[in-house]
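Visitor:
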Ligand SMILES: Cc1ncc(C[n+]2csc(CCOP(=O)(O)OP(=O)(O)O)c2C)c(N)n1
Ligand SMILES: Cc1ncc(C[n+]2csc(CCOP(=O)(O)OP(=O)(O)O)c2C)c(N)n1
Ligand SMILES: [Mg+2]
Ligand SMILES: [Mg+2]
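Protein chains in written order, with this note's numbering: chain A, 2 to 338; chain B, 2 to 338; chain C, 352 to 779; chain D, 352 to 779.
Structure below.
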């Protein structure tokens with residue numbers, strides 16, 4: 002066990018898989034010599050060679066197109082999209098191709114691809130370096146969608162994603178890369194080393210896709226979150242002084258509905274938190290599912306606390322961010338209803 | 002008033018606007034000389050000239066990119082995407098650009114573009130000629146999303162869309178182009194001419210964006226639908242023998258929540274029907290909103306009847322399609338809960 | 352805001368001439384006489400064949416060439432001439448002729464099957480058979496093919512069973528793709544034929560990626576990809592050229608310029624100002640432009656490009672200049688956008704006829720044998736169709752079961768699909 | 352399924368050589384001596400200037416040229432030579448020099464402002480000032496500009512207030528963009544400068560669309576678009592070239608090849624096999640390749656392309672061969688991926704120095720006047736910065752109010768945003 006930041010844990014996952022499986026390779030903008038703008042591939046080209054870890058031309062659609070072809074050959078490519086905001090040029094290859102190939106070929110071909118993309122705000126990146134686009138991909142059958150909230154999960158989930166025979170879109174909340182973040186930009190930053198889930202084994206292990214984690218047990222209200230918002234939800238639970246059960250979804254598709262429904266049936270109240278814009282965000286699906294599964298147990302309306310339906314602003318970043326106060330207010334509304 | 006099919010009504014809307022406003026033009030694959038693969042632009046090039054109505058290279062992304070530039074100049078381009086399934090190459094220009102330009106330029110520039118795309122199944126088009134992709138765009142702030150269900154609305158809404166100063170994605174349920182369709186492929190097709198909402202004025206009129214229509218009043222259960230599913234919902238209400246209030250949303254973004262909430266508060270029950278895949282479909286947002294607005298009025302879980310979370314198949318099209326039986330079953334579940 | 356009046360006069364009085372928007376004119380008018388006056392036919396044998404390892408720049412003059420081997424302007428007296436003559440054995444030529452004729456017979460049959468209501472949709476490759484058949488023969492059987500919907504000849508030339516093609520088109524209980532795909536969107540891993548997409552262009556960067564993977568693995572198999580001239584406007588075409596150039600991928604990239612993209616002439620795709628082969632120049636890729644109705648020329652060009660790729664000299668872009676003789680698909684009526692007899696007057700003729708004449712000229716074939724073979728193939732296709740129909744048709748079934756709707760979305764079925772399958776099966 | 356073993360031996364024993372994947376090597380190694388041996392510097396004045404109405408093909412040889420006007424290999428004795436000399440008045444040259452120096456002083460100031468924590472992000476254009484300044488001057492003031500984040504010189508040359516630029520960078524209460532955009536993503540309708548995107552490439556087809564609209568309207572204003580060499584790999588580049596060619600749009604398309612895309616050398620974008628100007632050839636567009644650090648050459652090339660476009664002869668692609676002397680942005684450290692002194696040894700020198708020497712050679716400038724102007728500009732930028740800071744900085748504010756977060760998403764605020772605004776304002 003070593004204390005690793007999220008960046009280091011992701012780096013370790015890729016390193017382990019490059020080591021174990023000659024079919025694994027990684028490419029993307031600046032991932033080769035430089036090691037990625039967020040340093041996730043630092044040192045990997047030097048260690049594994051240019052053939053396994055290399056720079057790509059700036060063309061997200063081309064990267065995905067090539068990855069689909071590599072997957073058909075039998076490789077397991079990992080593609081880094083430099084920011085999730087730049088995944089749109091790749092949507093056609095992801096949605097029309099990667100996600101559909103197994104089905105349309107009746108299982109003859111598949112696309113065992115992992116697409117990594119840093120997402121979310123909190124770094125003053127403005128509207129094109131802050132987006133959370135997971136809902137678009139969670140709507141796409143044939144894809145799996147993952148978002149970790151800590152180094153241990155990040156490594157274990159990324160290894161699962163790489164080994165998965167279906168295409169996985171793996172979103173990395175960039176605000177968590179170098180330390181946990183509970184939504185208080187004004188408080189001193191903690192390093193990951195002080196966090197229990199930064200204890201990461203050096204070697205191979207997996208965290209299975211499709212399993213949520215109860216990160217804070219409670220009985221009064223269920224809070225559903227993923228990525229950065231897990232930490233915000235925990236802070237909000239404290240702030241609200243609520244006996245909240247906080248669930249870290251980890252995988253959005255396939256979703257661990259059992260864990261969610263089990264919790265809400267127990268608490269009777271549910272708050273959903275995400276950073277993405279509200280309308281048609283992933284919270285809508287969660288709300289619909291919880292309502293369908295737990296209707297007769299619900300004692301209060303399900304609350305959504307989300308990013309506003311606006312682009313991510315620059316100056317007013319913290320007014321936009323659904324921080325602990327807003328989540329705590331949602332928890333209070335759920336408890337008081 | 003003339004009896005018009007949906008195709009004719011759409012053609013008439015474009016014709017009227019080409020006539021009224023020299024800033025309006027339309028382009029897309031095969032829309033010029035040929036008049037479009039679904040004939041929506043038939044005769045328009047001949048009448049208005051090649052400068053106003055012309056063929057585009059097969060590049061949906063390029064069409065949108067050019068349209069955004071034309072919009073910035075001051076034109077009101079209409080872009081035809083030949084099938085909604087082929088809108089993905091245009092997502093970046095639509096989401097990152099058209100939808101964001103007014104905001105990021107602090108109102109200096111805007112993108113008064115209308116993107117038309119036939120959507121939905123029912124014509125044995127297989128997985129790449131049948132998709133309903135509205136949820137992706139309904140998630141995007143800065144866009145408006147529209148889907149008509151009949152000729153009268155189609156013309157009035159399309160004129161509103163063209164005149165709107167924000168980008169509008171206008172989905173046309175292709176199964177309705179030439180006649181209403183209630184989801185019974187085995188019954189003889191009716192022409193639009195026998196349908197009251199095919200009485201379409203020849204000239205200019207608008208149906209405002211953002212207003213739903215109650216197409217069947219009722220008091221026992223509210224059914225929310227749009228596009229083809231409006232007709233299916235009506236058939237299902239008959240089949241279930243239910244006193245159902247069927248609401249045709251017409252515009253998905255901005256949504257007419259008042260009409261919806263008013264109805265559900267009255268009926269206490271709600272069924273949502275759409276053709277798109279279920280997970281993270283637009284029904285999720287509807288379900289979440291209804292639950293938030295009407296929690297204390299709900300007497301039964303909100304039901305979603307949707308396309309399955311699979312690609313649209315070819316042979317088993319009618320097993321996939323959420324037809325009247327499935328919607329009726331949803332209505333019954335809502336009534337019996 | 353955005354309120355600039357249309358036709359506003361410029362702030363710059365020095366430039367009085369108003370700007371004009373050029374719209375490529377639609378020159379083929381139904382009812383008018385076909386006009387190919389814009390087209391200059393270069394002689395057969397007129398271009399040198401560079402060594403396969405030349406720097407790509409030496410191939411760039413060929414972007415405006417038209418490599419032709421069959422010297423058959425007159426029709427019957429059809430010789431193979433020039434450096435590009437691949438010197439194929441008569442048996443190989445007869446094999447090619449047969450595969451082209453089989454493709455044509457198959458197309459004719461299935462086109463009628465759609466018209467007869469046995470399926471929803473069909474697309475013929477009539478007039479373009481040389482492209483797919485000669486290319487399949489010039490490549491190795493395990494080279495991976497990323498085709499469009501108009502290269503059924505690739506599969507047929509590789510010996511893929513006509514029965515399986517038909518069952519796919521009928522979406523019946525023997526459909527290798529379980530009734531999921533639109534007709535003609537075949538897939539066959541066993542025949543190294545990649546699953547076809549309904550989305551134009553997407554397969555081209557995939558071909559490059561597959562080729563990169565083969566090179567990554569130190570394999571010797573190359574990839575080949577096809578795209579219509581219309582679809583070259585899509586991003587995927589640019590992506591394919593970029594990646595092919597940057598990583599020197601062992602791939603043969605083919606633009607099939609059949610003059611039409613549904614109702615749009617190749618000029619709408621940018622063919623008015625430059626050839627499609629010329630797109631390679633800006634990337635430093637090799638390029639060839641070939642008479643796509645000349646079996647020998649297509650074969651030779653493909654062989655050249657394949658050898659070049661296999662020897663690690665990188666990718667080649669080949670433009671096949673041909674003509675779509677039939678409708679785009681069963682969904683359109685070409686008589687609404689072009690003269691009915693355009694196909695017949697196409698200056699490059701018909702690929703089957705041209706190879707037939709060449710074989711006859713060689714003394715290796717005759718009108719009689721040709722007629723007999725045509726009859727035989729028509730009969731065999733008809734017989735196969737009869738058998739295929741016993742496995743079902745789209746309208747009548749039988750089809751694969753409802754569970755196949757939910758399988759293969761993922762390797763393992765997640766709970767939401769299991770639940771939906773139960774609902775579809777009428778279980779609670 | 353997809354289970355092909357890696358490095359499997361081929362089924363074809365006849366081709367023993369395994370395929371190899373080519374990865375463009377990263378040749379610039381921190382700590383090593385910069386190596387420009389691959390670069391051949393053509394002499395100034397070496398290329399003919401075609402008439403503006405020549406068929407595009409006559410410009411294609413210029414794709415591998417490097418148009419240079421300043422004959423200044425020696426440095427000081429800097430003459431303007433050859434057909435491309437735009438023969439600018441000394442006053443115009445001094446104006447250009449001043450705008451370049453102002454751009455550099457502004458960049459230096461704002462880079463430090465970011466370092467000092469007054470904003471989140473900044474990007475300099477150091478070393479590339481000739482591209483933006485000469486181009487702004489060669490175009491007309493109401494030609495529409497679709498720039499990237501590295502053409503601040505366009506706005507500065509057009510006289511846009513430095514104060515407004517700074518307030519945008521500080522996202523303060525005087526920010527013309529209300530604090531919404533990342534620093535440097537300016538927009539100014541009044542100065543015909545289109546709103547910048549953080550997404551690479553997207554502005555290029557928009558420039559073409561704007562130009563099409565201008566032609567549609569019979570206007571006389573043309574558009575100009577810029578893209579980095581790295582971003583040419585994006586679909587938008589292909590889309591822009593395709594539409595520009597098909598509709599003969601009156602637009603000047605510029606690839607700024609500053610050798611780097613963050614840490615990736617231009618070879619990763621495909622510069623190893625061909626120039627970026629050559630991308631035009633495949634579309635039949637005109638192209639020019641120009642020494643981007645030569646103010647006169649950039650001016651002349653732009654003027655040529657603008658006249659051509661304005662006279663309805665279509666679009667031109669200009670590659671500006673230059674060098675990104677600074678970091679990519681304040682977020683990266685170039686010393687991790689290239690030798691620290693690479694910029695200083697760049698064979699094409701510094702654009703400000705080169706124009707200075709030319710003016711001195713003409714007897715129209717002196718080292719003293721230069722030093723004085725530098726001092727004056729530094730001082731004025733510092734003063735403006737002081738004023739800008741009185742309107743606030745990113746960290747300290749003041750900022751625009753919370754309602755501006757919700758305004759301008761749509762022309763009229765829909766109910767969901769009104770509701771969310773109330774929530775954000777703490778109202779029920
Ligand atoms: C992305 C995408 N856009 C549009 C279409 C609709 N479409 C199908 S075929 C076709 C024309 C293609 O022409 P071309 O590329 O020349 O190929 P050809 O049919 O001539 O073989 C079009 C526009 C599609 N299938 N995919
Ligand atoms: C679509 C997209 N992909 C990736 C990025 C991240 N990114 C920002 S700048 C840059 C490098 C651009 O290089 P180049 O085009 O050469 O322009 P330069 O910075 O040299 O002016 C990258 C990869 C982006 N902004 N947009
Ligand atoms: Mg074609
Ligand atoms: Mg660059």
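Cβ coordinates follow ideal geometry from the N, Cα and C atoms, glycine included.
Note that this is a predicted model, so its numbers are computed, not measured.
Where do the ends of the beta strand (DSSP E) carrying residue 697 of chain C lie?
Guide: Careful: residue 697 of chain C lies outside any beta strand (DSSP E) and carries neither H nor E.
Visitor: From the DSSP secondary-structure annotation, give me the bridge partner or partners of residue 145 of chain A.
Guide: For residue 145 of chain A, which the question treats as bridged, DSSP gives the partners A:169.
Visitor: Between residue 258 of chain A and chain C, is any beta-carbon pair separated by less than 8 Å?
Guide: Chain C contact via Cβ: present.
Visitor: Please tell me whether residue 317 of chain A and residue 530 of chain D are closer than 8 Å, where the distance is taken between their beta carbons.
Guide: Yes; because the gap between Cβ atoms is below 8 Å, this pair is in contact.
Visitor: Strictly below 7 Å CB to CB, what residues from chain C border residue 104 of chain A?
Guide: Chain C residues near residue 104 of chain A: 531, 759 and 760.
Visitor: Do residue 152 of chain A and residue 7 of chain A have their CB atoms nearer than 8 Å?
Guide: Closer than 8 Å, so yes.
Visitor: Opposite residue 544 of chain C in the DSSP bridges: which residues?
Guide: DSSP, once it has assigned bridges, lists C:496 and C:539 as partnering residue 544 of chain C.
Visitor: What do you reckon, are the CB atoms on residue 549 of chain C and residue 582 of chain C nearer than 8 Å?
Guide: In this structure, residue 582 of chain C does not lie closer than 8 Å to residue 549 of chain C by Cβ.
Visitor: Does the contact criterion of 3 or more C-beta pairs under 8 Å hold for the stretch 634-643 of chain D versus the stretch 668-686 of chain D?
Guide: Because the criterion of three Cβ pairs below 8 Å is met, the stretch 634-643 of chain D and the stretch 668-686 of chain D touch.
Visitor: Please name the residue, chosen from A:28, A:247, A:16 and A:2, that lies closest to residue 560 of chain C on a Cα-to-Cα basis.
Guide: That would be A:28, whose Cα lies nearest to the Cα of residue 560 of chain C.
Visitor: Can residue 679 of chain D be considered in contact with ligand 2, in the sense that its beta carbon sits closer than 7 Å to one or more heavy atoms?
Guide: Yes, since a heavy atom of ligand 2 falls inside the 7 Å radius drawn around the Cβ of residue 679 of chain D.
Visitor: Have a look at C:438, C:464 and C:532 and flag the residue whose alpha-carbon is nearest the alpha-carbon of residue 128 of chain B.
Guide: If we check each option's Cα against that of residue 128 of chain B, C:532 comes out closest.
Visitor: Mind checking residue 47 of chain B: buried by the 16 CB within 10 Å criterion, or exposed?
Guide: Exposed, since its Cβ has fewer than 16 Cβ neighbours within 10 Å.
Visitor: From residue 163 of chain A to residue 133 of chain A, what distance separates their C-alpha atoms?
Guide: Going by the C-alpha atoms only, they are around 22 Å apart.
Visitor: Looking at the strands, I want to know which residues DSSP matches up with residue 120 of chain A.
Guide: In DSSP, residue 120 of chain A forms a bridge with A:174.
Visitor: Does the distance from the C-beta atom of residue 67 of chain B to that of residue 253 of chain B stay below 8 Å?
Guide: No, these two residues do not count as a Cβ contact at 8 Å.
Visitor: Tell me where the beta strand (DSSP E) around residue 577 of chain D begins and ends.
Guide: Residue 577 of chain D -> beta strand (DSSP E) spans 574-579.
Visitor: From which residue to which residue does the alpha helix (DSSP H) around residue 332 of chain B run?
Guide: It spans 325-337 - the alpha helix (DSSP H) in which residue 332 of chain B sits, taken as one unbroken run.
Visitor: Assuming the contact rule is C-beta atoms closer than 8 Å, residue 485 of chain D and residue 673 of chain D should be a hit. Round their C-beta distance to whole Å, please.
Guide: The pair is not a contact, with the Cβ atoms about 11 Å apart (cut-off 8 Å).
Visitor: For residue 664 of chain C, collect the residues of the same chain with a Cβ closer than 7 Å to its Cβ; drop the 5 residues on either side in sequence, then sort them by chain order.
Guide: Contacts found: 403 and 404.
Visitor: With distance defined between alpha-carbon atoms, name the residue in A:234, A:221 and A:181 nearest to residue 324 of chain A.
Guide: Residue A:234 is the option with its Cα nearest to residue 324 of chain A.
Visitor: Quick one: list the residues of chain A neighbouring residue 528 of chain C, beta-carbon separation under 8 Å, in chain order.
Guide: The contacting residues are 105, 106 and 107.
Visitor: Sort B:284, B:287, B:255 and B:221 by Cα distance to residue 334 of chain B and report the nearest one.
Guide: Ranking the options by Cα distance to residue 334 of chain B, first place goes to B:221.
Visitor: Exposed or buried, which one is residue 338 of chain A when buried takes at least 16 other CB atoms within 10 Å?
Guide: So residue 338 of chain A ends up on the exposed side.
Visitor: For residue 279 of chain A, decide whether its Cβ has a neighbour in chain C, counting only Cβ atoms nearer than 8 Å.
Guide: No, no contact with chain C.
Visitor: For residue 356 of chain D and residue 75 of chain A, what's the separation of their Cα atoms in angstroms?
Guide: For residue 356 of chain D, the pLDDT reaches just 39, beneath the cut-off of 50, and the residue's location in the model is therefore unreliable, leaving the point undetermined.
Visitor: From residue 750 of chain C to residue 772 of chain C, what distance separates their C-alpha atoms?
Guide: C-alpha separation (whole angstroms): 16 Å.
Visitor: Quick check: is any heavy atom of ligand 1 less than 7 Å from the C-beta of residue 101 of chain B?
Guide: No, Cβ of residue 101 of chain B sits at least 7 Å from all heavy atoms of ligand 1.
Visitor: Quick check: what's the CA-CA separation for residue 563 of chain D versus residue 372 of chain C?
Guide: If you take the alpha carbons of residue 563 of chain D and residue 372 of chain C, they lie about 6 Å apart.
Visitor: On the criterion of 16 or more Cβ atoms from any shown chain inside 10 Å, does residue 184 of chain B qualify as buried, or is it exposed?
Guide: Burial call: buried.
Visitor: Where residue 438 of chain C and residue 386 of chain C are concerned, what is the direct C-alpha to C-alpha distance, given to the nearest angstrom?
Guide: Spanning the two alpha carbons is a distance of roughly 35 Å.
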